[in-house]
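Inspection log for the structure reproduced underneath, given as structure tokens.
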Amino acid sequence: DKGMLRHVPMALEANDPKRELRRVLGTGLRAAIIVSILTVIAVLFLANLIVSQGGGDTRGDGAWWLSLLILALPGRVITTVLLTALRGSSRMAEYVVVQEVILPALLIVVAAIAIAVGAGQEALIIAYLVSVYVGAVISLILARRIFGSVLGLGVLTASNQRELMSFSVPQG
């Protein structure tokens with residue numbers, strides 16, 4: 365978050381802002397997606413162990429719930445990186461509208477539809493997942509509209525922005 369807030373404005377001021385912005389967005393998205401996918405895989409494999417350590421899973425379905433909820437992580441990190449890039453480019457209005465209005469409203473609407481059709485509690489998790497990934501798509505569309513061709517598929521193969529990576533690594 366702080367790395368993107370710091371490096372997006374610097375990229376916009378660079379000699380070649382499109383190239384530098386592509387590098388910053390690519391680095392941020394790649395790092396976030398890779399770490400989130402590895403986290404999802406780890407939690408899926410360790411869900412039973414994680415839940416059993418809590419001791420409160422009297423019904424025995426905690427690992428199932430955890431396995432479903434963790435699937436939202438990649439969508440949430442994509443949304444966070446893109447919305448933070450908007451903030452870094454001084455686009456606070458768009459950030460606030462998506463983060464504080466559209467995403468919560470989307471969750472409420474999708475959950476209300478699930479409840480209205482009589483779906484069980486499992487449908488609420490699906491509603492959450494749908495709202496997270498629709499929110500990621502909305503963020504991507506908005507960021508693409510603002511950043512233009514910089515945010516094409518080439519962003520994922522752009523060279524690393526080393527300063528962002530060293531800034532973002534925990535400094536322990």
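By my numbering, the letter at position 79 of the sequence shown is numbered 443, and the numbering carries on one by one without gaps.
In this text, a Cβ means the ideal position worked out from N, Cα and C, and glycines have one as well.
Test item: CB-CB of residue i and residue j under 7 Å
{"i": "V445", "j": "L470", "result": "no"}
{"i": "V441", "j": "S400", "result": "yes"}
{"i": "S453", "j": "V372", "result": "yes"}
{"i": "N599", "j": "A395", "result": "Any answer about residue 599 is impossible in this case: the structure gives the chain only from 365 up to 536."}
{"i": "L389", "j": "V501", "result": "no"}
{"i": "M368", "j": "G392", "result": "yes"}
{"i": "L450", "j": "T403", "result": "no"}
{"i": "L385", "j": "V473", "result": "no"}
{"i": "L432", "j": "I489", "result": "yes"}
{"i": "L504", "j": "E458", "result": "no"}
Among the options, the one whose alpha carbon lies nearest that of residue i
{"i": "I434", "options": "K366, F409 and V462", "result": "F409"}
{"i": "F511", "options": "P381, I490 and P468", "result": "P381"}
{"i": "I477", "options": "L515, R370, A491 and W429", "result": "A491"}
{"i": "I397", "options": "W429, G439 and I414", "result": "G439"}
heavy atom of the ligand FAD below 6 Å from residue i C-beta
{"i": "G452", "result": "In the structure on display, the ligand FAD does not appear, and there are no ligands present to speak of."}
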